Amino acid sequence: MPEQVTNFKCPNCGGPLHFDAQSQKLKCDYCDSTFTADEVEAFYKKKNEEAAQAPAQFTADEMGWTEEEAKHMRAYSCPSCGAQIVCDDRTAATSCPYCGNPTVVPAQFSGALKPSYVIPFKLEKAEAIKRLNEFYRGKSLLPKSFRDQNHIEEIKGMYVPFWLYDAKVDADMAFHATRVRSHSDGEYNITETSHYQVVRKGLVTFEKVPADAAEKMPDEYMDAIEPFDYSSMVPFEMSYMAGYLADRYDVDASANQERTDARMQNSAGTLLANTVLGYTSVLPERTYFQRVSGKASYAFLPVWVLSTRYNGKPYLFVMNGQTGKMVGDMPADMRKFWLMVLITAIVGVLLGFVLQYGAQAGWF
Amino acid sequence: MKKTMRLMLAGLLAMISVLPMILPVRASDTYVYDETDTLSSDELSTLNAKAEEISTAYSCGVYIVITTDQHGYSEYNYAKDVYMEYDLGYGEGEKANGVLLAIAMDERYMDTVAYGAAKDVFTDDTLQSIQNDSVLPYLREDDWYSGADGFLSAAESTLKNGGYVDYTPQYTGGTNYTGGGDPVSYQTASDWIATHGPLFIALMGGGLGLIGLIIALVMKAQLKNIGIQQQADRYIPKNGVTLTAQADYFLYTQTSRVRIPHDNGRGGGGGGGGHSYNSGGFSGGGGGSHF
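Chains as they are written, first to last, in this note's numbering: chain A, 1 to 364; chain B, 1001 to 1291.
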């Protein structure tokens, strides 16, 4: 099957186009012309077809890759400079390592792989770097060498594939509740505890609960940068990918369902429990949840990613490319940690000496 | 780093602020108060020294307060209210025990009252006897010093012979706590620090080191901020919740009865950092006499 890649070039001067988060348009690096996604899509539909070339000949033996490795690799020709771009079989958008032009693999966005939605980047790389620097600030236990060595400028904009789940959850819960009344007849303190069975049933609708569909993206990172503002979400167009990295999904919608169901059930349960009011104590006795309908939409959501290593250990930082919410685990400088404990202990000892001297001298 | 310094400073201040709570509390040095200058300064200091000696020996405050008038208090409550007004008592909270002779000069009225553990020996009858035998005869003669001295002597005798059980925490050299009874010397915070230098310094070092460890752990925890989402509330649209059934069924009622104790006990619940009293915490009072 022939495979092709597409560069978005400026219709005016032929320079490479990048998606500009600020203007939300495609912008030429050279002549600063801007184009809407629709304009470029229409204009270059024909060009892209022309750019289709026969895939580069690629055999495992010649390249020295194992069969297994070769099976997951793809080679494309860059339409700008003709160089071969080698990437894995999930890569949907990248840049040419030779000419640096943003490159999109249309085959990764076609047929069943075509995303329904995309939230375009809102924050530029400079803003991402600024936010990461702010994220490091004020963290006294962060090793200085980590801050200095983690190549912050290598932060990359990436469209991460997500499944957005729409569902209705039928919730049926029963609670054991008590109401306590105390009074006194002068001789006795009387406590009356009335017991109730409380039943609540309801239908809770959820819209676009996100779960990342990229195996190499840790779930806890992608969960932690929520929420995304869906009001900026638009129907998918390939031109939004220009200038960013993107992988197509490699986690099926059904594979994430269990995790998403749990989130929806927790929320449905909390909502029903919150309607049980006026009791002294409420304990859930029976819970039953059933998803009565559901569908998953495929979407690309914008994320800035910095993957770095420190003392041989990988560290990942991700930022919501729309809201700027930054998350990531950072290493602790254990030398600073224990130094802090030691300093406070020494301050305590010195203070103890001063107070003892003061007590002996009759200061207080 | 500024944040760290602020946290450490806050820890240090917290440590210093709790010192008075963990160290022995100094009892007031004044036991005899005279608003009216009825007693000469020599008499006042002699009586005060004697009252302090008795109070310290038995860990029970023995007080005399001479007021110009009844301070607007009723005769029934005069001694109790003066006890509270002067914040009397040896020890803290409900252990702030003591016995008081209160004299209102304008009304020529006197009364006695006991609070806390002192109530056990200074019963209503005992206080009445002390008033009648050791105080009133002198006050009727305007012999204020002898009346006051008589009260102190009678109080000492009562404490000595009355099987007084002391509930005040006592420190012997700062190391041995005794539940009560034997008269012991009571050290102030500064005395304790002065005589327990190495222990105090080690406590300060360990205490602040512990605070430093807690701060460091909090700062270390701040380096991690990832986690799986457990809820999906924000993805519920407006009007996305429909309650289809809502029923509350009454099952049964359990009733428990606890008899109300009518013996108010010692009363006088302790308040943090000061004394608090209730009328049930006193013996005597209201049984005073004019002279």
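By construction, the Cβ of each residue, glycine as well, lies at the ideal position given by its N, Cα and C atoms.
As the structure is a computational prediction, the values presented were derived from the model and not from experiment.
Note on geometry: alpha-carbon atoms of Ala1117/B and Glu1052/B lie some 18 Å from one another. Annotation: Gly278/A is outside any alpha helix (DSSP H) and is labelled neither H nor E by DSSP. For Leu1136/B, the enclosing alpha helix (DSSP H) begins and ends at Leu1136 to Leu1139. Check the Cα spacing between Phe146/A and each of Ile343/A, Ser307/A, Gly324/A and Ala21/A: the tightest is with Ser307/A. Taking 7 Å as the upper bound on Cβ-Cβ separation, chain B lies near residues Arg200, Lys201, Gly202, Leu203, Val204, Thr205, Phe206, Glu207, Lys208 and Val209 of the stretch 200-214 of chain A. For Leu141/A, a Cβ of chain B is located within less than 8 Å of the residue's own Cβ.
If you check the CB distance, His18/A and Asp29/A come in under 8 Å. By the rule that beta-carbons nearer than 8 Å mark a contact, Asp1233/B touches chain A.
Restricting attention to Asp20/A, Lys27/A, Pro102/A and Ala21/A, the CA atom closest to the CA of Asn12/A is found in Lys27/A. Sequence-distant partners of Arg131/A (beyond 5 residues in either direction) whose C-beta falls short of 7 Å from its own C-beta, in its chain, are Met319, Gly324 and Met326. For Pro210/A, the uninterrupted beta strand (DSSP E) run begins and ends at Tyr188 to Asp212, by DSSP.
Using a CB distance cut-off of 8 Å, Val1241/B counts as an interface residue toward chain A.
Looking at the DSSP output, Gln1254/B shares a beta bridge with Thr193/A. In chain order, Ala211, Ala213, Ala253, Asn256 and Ala296 place their CB closer than 6 Å to the CB of Trp163/A, counting only its own chain and leaving out the 5 sequence neighbours on each side.
Cβ proximity to chain B below 8 Å picks out Val327, Gly328 and Asp329 from the stretch 295-329 of chain A.
Under the three-pair Cβ rule at 8 Å, the stretch 340-360 of chain A counts as touching the stretch 1186-1205 of chain B. Taking 8 Å as the threshold, the shortest C-beta distance from Gly352/A to chain B falls below it. Under DSSP, the beta-bridge partners assigned to Asn320/A are Val303/A. When the alpha-carbon of Val303/A is set against those of Phe109/A, Ile225/A and Gly14/A, the nearest one is in Ile225/A. For Trp1144/B, the closest C-alpha among the options Tyr1115/B, Ile1103/B and Val1121/B is that of Ile1103/B. Nearest CB-CB separation between Val1218/B and chain A: not below the 8 Å threshold.
8 Å or more divides the Cβ of Ala42/A from the Cβ of Tyr240/A. In this structure, the CA atom of Tyr1031/B is about 20 Å from the CA atom of Asn1077/B. For Val1121/B, the closest of Lys1080/B, Tyr1058/B and Gly1150/B by C-alpha to C-alpha distance is Tyr1058/B. If you draw a 10 Å sphere on the C-beta of Phe1250/B, you find fewer than 16 other C-beta atoms in it, and that means exposed. One Cα belongs to Val198/A, the other to Ser231/A, and the distance between them is close to 39 Å. Residue range Tyr1109 to Tyr1115 is occupied by the beta strand (DSSP E) that includes Thr1112/B.
Secondary structure at Asp1034/B: strand, using DSSP grouped into helix, strand and coil. Pairwise C-beta distances place the stretch 274-286 of chain A in contact with the stretch 192-207 of chain A, as three or more of them are shorter than 8 Å. Within 7 Å of the CB of Gln197/A, the CB atoms of chain B belong to Tyr1249 and Leu1251, in sequence order along the chain. Residue pairing of His1290/B in beta bridges, as defined by DSSP: Tyr1109/B. Within the same chain, Cβ atoms closer than 7 Å to the Cβ of Asp261/A are found at Arg291, the five residues on either side in sequence being excluded. Excluding residues up to 5 positions away in sequence, Ile119, Val160, Phe162 and Phe228 lie with their Cβ nearer than 6 Å to the Cβ of Leu301/A in the same chain. Think of a sphere of 9 Å around the beta carbon of Asp148/A: no beta carbon from chain B falls inside it, the nearest being about 17 Å out. In the DSSP assignment, Ser1190/B is bridged to no other residue.
Burial is judged here by how many other beta carbons sit within 10 angstroms of a residue's own beta carbon; His1196/B has at least 16 and is buried.
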